[in-house]
Structure formats: C-alpha cells, structure tokens
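Undergrad: Numbers given in my numbering equal positions in the sequence shown, counted from 1, plus 11.
Virtual Cβ for every residue (Gly too), placed ideally from N, Cα, C.
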Amino acid sequence: MLSLLSGALLWEVAARWFHWSFFPPLSSVAVTLYRLTARGLILANLGRSLLSLAAGYGLAVVIGSGVGLLMGRYRFVSSLLEPALHALLATPKVAFVPVVYALFGLSRSTQVAVVFLNAVFIIAINAMAGIRGVGAGSVEMARSFGASERQVFWRVLLPGSLPLTMAGLRLGMGQAVKGMITGEMFIAYFGLGALLRDLGGRFDSAGVFAVLLVVVIIALLCTAVIQMVERRVTAWTGG
Numbered sequence: 012m013l014s015l016l017s018g019a020l021l022w023e024v025a026a027r028w029f030h031w032s033f034f035p036p037l038s039s040v041a042v043t044l045y046r047l048t049a050r051g052l053i054l055a056n057l058g059r060s061l062l063s064l065a066a067g068y069g070l071a072v073v074i075g076s077g078v079g080l081l082m083g084r085y086r087f088v089s090s091l092l093e094p095a096l097h098a099l100l101a102t103p104k105v106a107f108v109p110v111v112y113a114l115f116g117l118s119r120s121t122q123v124a125v126v127f128l129n130a131v132f133i134i135a136i137n138a139m140a141g142i143r144g145v146g147a148g149s150v151e152m153a154r155s156f157g158a159s160e161r162q163v164f165w166r167v168l169l170p171g172s173l174p175l176t177m178a179g180l181r182l183g184m185g186q187a188v189k190g191m192i193t194g195e196m197f198i199a200y201f202g203l204g205a206l207l208r209d210l211g212g213r214f215d216s217a218g219v220f221a222v223l224l225v226v227v228i229i230a231l232l233c234t235a236v237i238q239m240v241e242r243r244v245t246a247w248t249g250g
C-alpha cells in the first residue's frame, strides 16, 4: 500500500511539475474516470471485456494445463508438441489477430480467441515444467509400494507440479488481460480496449489513463484471486 501511495504521489507531482500534455496529473485522471463511470461508459464496456477475459482464460487454463501435464509426463507428446509450443510462445501475439479475425470475423469469438492465444502457451510451459520438476525418487517410491500409473499421476506428479503450474496461471492471467485489450483495440466495437482506442483517437490523455487504471485494477484483482487459490492448494509445501 505504501508503494502504491508513493507512486501515486510521484505521478501527481511529476505531472504538475513538467506540464506535459500527454501526461495528466493523477487527480485529473481520477476526475475523468468518475465522469466516464457516471456516463456508463466504464461499466458497460467493463462487463463485455470481463466476459471475453473469463471465457478465453478459462479455455487457456483447461487446455494449457492439460497439454502441459501430458507433455511433462510423456516423452512422445513432448517431442511432438514442445518445439511448436516454444515457437508460438516467442511469437508476438498481435500477429495472431489478423488470422483470428479472418476465421471468426467481428464477433466475441475473436476476442475470446485472442485472450486464449495470449495465455495458453505460458500456462502449458509452466505445467510441463512442474511435472518435470517432480523428483524421480518420489515416482519410484510410489511404484515400489505398488502404485499404478493413474495413482502416480494423481497422488505424486499432479500435487508436486502445483507450485509451478499455479505460477503459470498467474503469468497467464497477465497475458490474458493484455490479449483482452489488444483484441478489442484492433477488432472490436465494444470493451475497454475499444474505449481506449476511441479516447486515444480524440487525444484524450486523461481518458486513456483512466481506462488504463481500470485495466491495471482488473489485472491486480484477478492475480490476487489466483494467489489466494495458490496458497490454498500449495499449503502442504510450507511456502
């Protein structure tokens, strides 16, 4: 909290000291945010953005975690998918936008797909690393007590992979929020990204920063929820 307050104070002082037209004081941004909210622009677009974020991130968690766990456990799956996965992870996600638009057109499916593509690769990579990070001794010990492959996976590998897998979910959420804004800025008539594009087109710097504040708050809240879940499911590690 002290760090946030210090940053806010620095923002206000620096903006008033330098008088840059593109860098409004935080107080002006707060007033603009209130006005946009009172006009219904923030809440209307926020709901649409959150719907795309929830759908795209949910799909990324299910598919990314599943693929990553399989890659970490089975060498042939890893040999088949890992090179492509690393290549896609390094690719700028904005490059996917025209492709997704060509497939789904100007619809919510496009926004969901962009969010999904931004988050799924980092989630899969961390899930794979989590499985590989489980010590071979733990697996051998379970087998020596007669554990089946299914029991080894659910009782040894999956719990042992949770710390890294949950870290991937946190990183994926940040990427998902970026994807939400990117997709809406390029190919949407609704959502916070579209509102950000419209305000930027009118050179309304206070409005742009107001929307960015909302985006930052969304990212922080979503990450905090994931961290709460992470602390619960990894409490056995003592971390």
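Give the straight-line distance between the Cα atoms of Leu-169 and Ile-142, rounded to the nearest whole angstrom.
TA: Rounded to whole angstroms, Leu-169 to Ile-142 spans 7 angstroms at the Cα level.
Undergrad: Per DSSP, what kind of secondary structure is Pro-201 in: helix, strand or coil?
TA: First, the amino acid is wrong: residue 201 is Phe here, not Pro. Looking at Phe-201 - three-state DSSP - the assignment turns out to be coil, as it is neither helix nor strand.
Undergrad: Which stretch, first to last residue, makes up the alpha helix (DSSP H) that contains Gly-3?
TA: In the structure as shown, the chain starts at 12 and stops at 250, and residue 3 therefore has no counterpart that could be examined.
Undergrad: With distances taken from CA atoms, which of Val-126, Met-239 and Thr-245 is nearest Glu-195?
TA: For Glu-195, the nearest C-alpha among the options comes from Val-126.
Undergrad: When you compare only the Cα positions, how much space is there between Glu-23 and Leu-231?
TA: Those two C-alpha atoms are separated by around 21 angstroms.
Undergrad: Do three or more CB pairs link the region 49 to 69 to the region 188 to 205 at distances below 8 angstroms?
TA: Flag = yes, the region 49 to 69 and the region 188 to 205 touch.
Undergrad: What are the uninterrupted segments assigned as alpha helix (DSSP H) that are 4 or more residues long and contained completely in the region 83 to 123, given in chain order?
TA: The qualifying runs are 86 to 101 and 107 to 115.
Undergrad: Among Thr-234, Arg-27 and Ile-228, which one has its Cα closest to the Cα of Met-177?
TA: Ranking the options by Cα distance to Met-177, first place goes to Thr-234.
Undergrad: Assuming Ala-221 contacts Val-40 (C-beta within less than 8 angstroms), just tell me the rounded distance between them.
TA: Ala-221 to Val-40, Cβ: 5 angstroms. Contact.
Undergrad: Does the beta-carbon of Met-12 have 16 or more other beta-carbons within 10 angstroms, so that it is buried, or is it exposed?
TA: Met-12 is exposed by the Cβ-count criterion.
Undergrad: Hey, is Ala-25's beta-carbon within less than 9 angstroms of any beta-carbon in chain D?
TA: No chain D appears in this structure, which consists of one protein chain only.
Undergrad: Specify the secondary structure class of Ser-32 as computed by DSSP and reduced to three states.
TA: The answer is coil: DSSP assigns Ser-32 none of H, G, I, E or B.
Undergrad: Three or more C-beta pairs under 8 angstroms: does that hold for the region 140 to 155 against the region 80 to 90?
TA: Contact between the region 140 to 155 and the region 80 to 90 is present, because at least three Cβ pairs lie under 8 angstroms.
Undergrad: Count the C-beta pairs between the region 94 to 101 and the region 129 to 137 that are closer than 8 angstroms, then say yes if the count reaches three, no if not.
TA: Output reads yes: the region 129 to 137 touches the region 94 to 101.
Undergrad: Please name the residue in Gly-116, Met-184, Phe-214 and Gln-238 whose C-alpha comes closest to that of Leu-70.
TA: If we check each option's Cα against that of Leu-70, Met-184 comes out closest.
Undergrad: Rounded to whole angstroms, what's the CA-CA distance from Phe-29 to Pro-35? Just pull it up for me.
TA: The straight-line gap from Cα to Cα measures roughly 10 angstroms.
Undergrad: Under the three-state reduction of DSSP, which class applies to Phe-220: helix, strand or coil?
TA: Looking at Phe-220 - three-state DSSP - the assignment turns out to be helix.
Undergrad: Cα-Cα, which of Gly-190, Ala-147, Arg-181 and Lys-189 is closest to Gly-171?
TA: Gly-171 has its Cα closest to that of Ala-147, out of Gly-190, Ala-147, Arg-181 and Lys-189.
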